[in-house]
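Residue numbers (this note's numbering), protein chains in the order written: chain A, 1 to 555; chain B, 1001 to 1555.
Presented below is the structure to which this report refers.
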């Protein structure tokens, strides 16, 4: 008999499995924060729920014994959140996770997937609550917090569950192996197969997209039968705390130990992630963060499957365009969106010294740069509108990088501080653009995370593309954007993308940004360059989270 | 248009894809070396082809520039083979492989799979030739050389190709992403996806099952578009040299650079494998061999996906039986087959001190041990018959281990030397059984590869199973066999198997041995205990051998 939660969500699951093969546009989670979709009271309830967490203890029914309280989150808009999470010792977390595993690992694929899908259904209903939590930890503007932190993150989670199910469903539970023996009776061996999860999955989160980047690993591990410990970034705990709370409610209602999913919050600066990651019981690690931390995990946690998304250097190559206005508008928004604090935000813009061809005629190098600068100025002219996509600077490290970048190369466009009409505390900055030469590779081959872009003048697009290939091979990238009307250059760009193993976006002049990556269609990361060792999501992202144990017996 | 080789073999491929999901008995490659199946002249032609290699240079048309000759193979039956393979420098191999990759990686999944399947079709026709090569390098008897070295190895190869195709076929080549915009026109992005292989796949072979253990990695890498360098064990080059020769013929006929598949032969003792494995261009490594070498690769070759099959400690737990004669006969053959030189051969036999229940009444511990010893004596009484399953000892290291084991614990059954009626040089030995106590874990928790078994007297089967769980978790195993008529003990055995992540064989008293692992049905290894970090085969074995690069453009 099917698990009731599996049965309840099976139709959706089948659609998702179809979607990952079809890869057209599909989502079950509407991205519009509209009362028509989410209910007339959803917005107010979400805000109220968020506000109820502020200045209070955040506990999880059924949680293990805590050894104190932690909490150091600050809203980039309003200052300290003063939420106090339980502090669990590493041994406590591991023991609780292992105890919870006993029943969970026996429950089987349909239960794992059914529970995962019910958690997602409830997360979707709480999209407003999570949006406020994302906004007031990451500094994203509200609309992005809702979309990227809510429905789009849920999409990425469902996508991971769909991949997991596709693999799990391909393994039969039993078969008769009947080998003919000529005139004699056949040899018959009865076989059964059982999916065995690896152990504890550890999800190490980031402070900019805690749900969008955290959900794939969480749901991939959970839907393949592992227990999960979520170690959010100390600066962005609440979105994952709410997620864990909801997951635990579903688990408990379904008769499982809620400690199947645990939150491991820490005070900023405490080394909880590495202590957990080094434990032999931790068999899967999903990490989003710095190159340094990611490489430490890869090198030191060989007991575990380690999936990392680290730093990268995203690039735009401008060769020619059929729509210069669209190009500048699109690039301006790509650079401005959430103050460049996206792992997919472009940083380096290569422009040929001789300028580019457009439908309006040839434009000089200076014309191209001026066009982009003008587009950013226009886009950010009205503070009230600008803050709705710029968001706020998440942490002082980003601001420090921005200030350091103001001394690099030559000025092209200064970053401006914008006063937020509603939140006087918020640090809002427009994109900085500096000009570099191709010789400045020590600068432009490094990630400068934040509202920082470089224009690099090249001899021609061939040189631009050659530099991109080297840079991505050596330093990684999650996005690569090319503007060209020339078929040969487009082909060469595809070749570069394939050689360096990075996704290519061609001639993005309309309403989609290179920063954006849609679940069920866009692979986020390729797993083939240093920016990430896995893609979100594909079979490789899920297939090693479980193993199969066979029993065979004579019939 | 489909690649002609893909079209030619598509029906077989579809059957194989069905078989990996069904997991009943299936094979397209008959295991009987019969003239009715393989043709009246196949046996003679195979022998003649094998003999033509002896004492001669073995070259590959189209090979890169060689820097000399290597060759140190000895037949365990007839002595030095005196085959001289070309020596290629590491730089030469890497450069040739990368040059060959240019066209191969662009050819796409249908070409990769079609070429792989054509190679397999031709390998099957050469099964006699390969059987002689396997026999005269590994020391397997002829029948095993034919079956395990020929059709069964081809099965494992086809299985890997089927998994690869299942993953490759799930990735669409193109889609339109059409996102509704309410009353406005939808946003349309045209997307294409291209499978990009990782780079060079390195296959590092062993000297006991060069094809059976080598083919899965070779064919998994090849059918996902990688180029492959095969580094066979210096003691068993010929079977893989013939394989590489055939692969290169197919590649050349299909219009590809034959250096897509290269043989890297070395003189015994030269460190060619590690030099190749450390190269940054090598992105996938498939290894079968010692724990020490496997762990070195895992720790040091982090630029590559590393799949290892290493040492393990395989176990039989005897609790009770419905057929004691069947039990003793089955165990005797399991121990004797190819002189225990199988990665799946049992080593430790746990027997309760109080003896076991059988249909003929209770048998004491001594009765059980005597029954097994008697079965081995009976099985090996006739030298002419015995050599047909004992085969010959592959190398002096095995003999040295056997001699060392003769001093461990207490004697239960001595190993006897058997004179081979046809090959006076062959070292043929029957299984040794020594008695240990549970306190001798330093002995029995280590692999003693060869015709060496230990009987360990335990308090009861609960103790036996507890020791097995610990041993397999810490030291790994590829096989685990339990004899019990008791439902609770069987359940506990399954629990142990799941906890330690090892395949379980229950009550093997008939014509199938625990050593045997059938492609399309039995997962060989689980990838979840220290004996192997991957299973042959599953999705995890293939999914990380390629990546997907996407191009999206505005419509």
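Positions of the beta carbon are idealized from the N, C-alpha and C atoms, including for glycine.
Below-7 Å beta-carbon distance, residue i vs any chain A residue
{"i": "residue 1498 of chain B", "result": "yes"}
{"i": "residue 1526 of chain B", "result": "yes"}
{"i": "residue 1178 of chain B", "result": "yes"}
{"i": "residue 1494 of chain B", "result": "yes"}
{"i": "residue 1374 of chain B", "result": "no"}
{"i": "residue 1301 of chain B", "result": "no"}
{"i": "residue 1330 of chain B", "result": "no"}
{"i": "residue 1504 of chain B", "result": "yes"}
{"i": "residue 1521 of chain B", "result": "yes"}
{"i": "residue 1187 of chain B", "result": "yes"}
{"i": "residue 1507 of chain B", "result": "yes"}
Identity of the residues DSSP links to residue i by a beta bridge
{"i": "residue 1351 of chain B", "result": "B/1457"}
{"i": "residue 1032 of chain B", "result": "For residue 1032 of chain B, which the question treats as bridged, DSSP gives no partner whatsoever."}
{"i": "residue 1223 of chain B", "result": "None; residue 1223 of chain B has no bridge partner."}
{"i": "residue 1282 of chain B", "result": "B/1200"}
{"i": "residue 1229 of chain B", "result": "B/1202, B/1262"}
{"i": "residue 1505 of chain B", "result": "A/552, B/1481"}
{"i": "residue 309 of chain A", "result": "A/288, A/532"}
{"i": "residue 1175 of chain B", "result": "B/1191"}
{"i": "residue 1041 of chain B", "result": "DSSP output for residue 1041 of chain B lists no bridge partner at all."}
{"i": "residue 1169 of chain B", "result": "Its beta-bridge partners do not exist; DSSP assigns none."}
Residue-level contact to chain B via CB, residue i, 7 Å cutoff
{"i": "residue 551 of chain A", "result": "yes"}
{"i": "residue 212 of chain A", "result": "no"}
{"i": "residue 568 of chain A", "result": "For chain A, the structure presents residues 1 to 555; residue 568 of chain A sits outside this window and is missing."}
{"i": "residue 510 of chain A", "result": "yes"}
{"i": "residue 554 of chain A", "result": "yes"}
Any non-hydrogen atom of the ligand MG closer than 6 Å to residue i Cβ
{"i": "residue 3 of chain A", "result": "What this structure holds is no ligand at all, so the ligand MG is not there to describe."}
Nearest residue (CA-CA) to residue i, options the options
{"i": "residue 392 of chain A", "options": "A/407, A/425, A/283, A/371", "result": "A/425"}
{"i": "residue 1333 of chain B", "options": "B/1095, B/1131, B/1451, B/1246", "result": "B/1451"}
{"i": "residue 1352 of chain B", "options": "B/1483, B/1098, B/1542, B/1554", "result": "B/1483"}
{"i": "residue 1417 of chain B", "options": "B/1410, B/1432, B/1409", "result": "B/1432"}
{"i": "residue 395 of chain A", "options": "A/381, A/339, A/408, A/438", "result": "A/339"}
{"i": "residue 1132 of chain B", "options": "B/1120, B/1503, B/1053", "result": "B/1053"}
{"i": "residue 1010 of chain B", "options": "B/1114, B/1505, B/1126", "result": "B/1114"}
{"i": "residue 563 of chain A", "options": "A/26, A/445, A/248", "result": "Here chain A has residues from 1 to 555 only, and residue 563 of chain A is not among them."}
{"i": "residue 471 of chain A", "options": "A/443, A/201, A/453, A/492", "result": "A/443"}
{"i": "residue 341 of chain A", "options": "A/83, A/515, A/446", "result": "A/515"}
{"i": "residue 1500 of chain B", "options": "B/1467, B/1513, B/1512, B/1511", "result": "B/1467"}
{"i": "residue 1243 of chain B", "options": "B/1294, B/1262, B/1359, B/1362", "result": "B/1262"}
{"i": "residue 194 of chain A", "options": "A/200, A/258, A/108, A/290", "result": "A/108"}
{"i": "residue 447 of chain A", "options": "A/460, A/461, A/438, A/478", "result": "A/478"}
{"i": "residue 1445 of chain B", "options": "B/1358, B/1505, B/1350", "result": "B/1350"}
Under 8 Å by beta carbon: chain B residues contacting residue i
{"i": "residue 539 of chain A", "result": "1167, 1170, 1539, 1543"}
{"i": "residue 23 of chain A", "result": "1172, 1175, 1177, 1191, 1193"}
{"i": "residue 298 of chain A", "result": "1302"}
Listed by chain order, chain A residues near residue i by CB distance under 8 Å
{"i": "residue 1535 of chain B", "result": "547, 548"}
{"i": "residue 1274 of chain B", "result": "The contacting residues do not exist; residue 1274 of chain B stays about 18 Å from chain A at best."}
Interface residues of chain A facing residue i [CB-CB closer than 7 Å]
{"i": "residue 1215 of chain B", "result": "Within 7 Å Cβ-Cβ: nothing; residue 1215 of chain B doesn't reach chain A, min ~21 Å."}
{"i": "residue 1501 of chain B", "result": "196, 547, 549"}
Chain B contact residues for residue i, given Cβ-Cβ distances below 9 Å
{"i": "residue 277 of chain A", "result": "Per Cβ cutoff of 9 Å: no residues; residue 277 of chain A is ~16 Å from chain B at best."}
Under 7 Å by beta carbon: chain B residues contacting residue i
{"i": "residue 99 of chain A", "result": "Neighbours of residue 99 of chain A on chain B: none; closest Cβ ~15 Å, over 7 Å."}
Given 8 Å, three or more beta-carbon pairs between the stretch 256 to 275 of chain A and the stretch 230 to 245 of chain A:
yes
Measuring CB atoms only, is the stretch 89 to 96 of chain A touching the stretch 275 to 294 of chain A, in the sense that at least three cross pairs come out at less than 8 Å?
yes
Does the stretch 537 to 546 of chain A come into contact with the stretch 1484 to 1492 of chain B, if we say contact requires no fewer than three beta-carbon pairs (one atom in each stretch) closer than 8 Å?
no
Decide yes or no for the touch test of the stretch 216 to 223 of chain A against the stretch 163 to 176 of chain A: beta carbon pairs closer than 8 Å, at least 3 of them.
yes
With three or more beta-carbon pairs closer than 8 Å as the criterion, would you say the stretch 517 to 535 of chain A touches the stretch 144 to 161 of chain A?
yes
So, does the stretch 46 to 60 of chain A touch the stretch 117 to 130 of chain A, judging by three or more C-beta pairs under 8 Å?
yes
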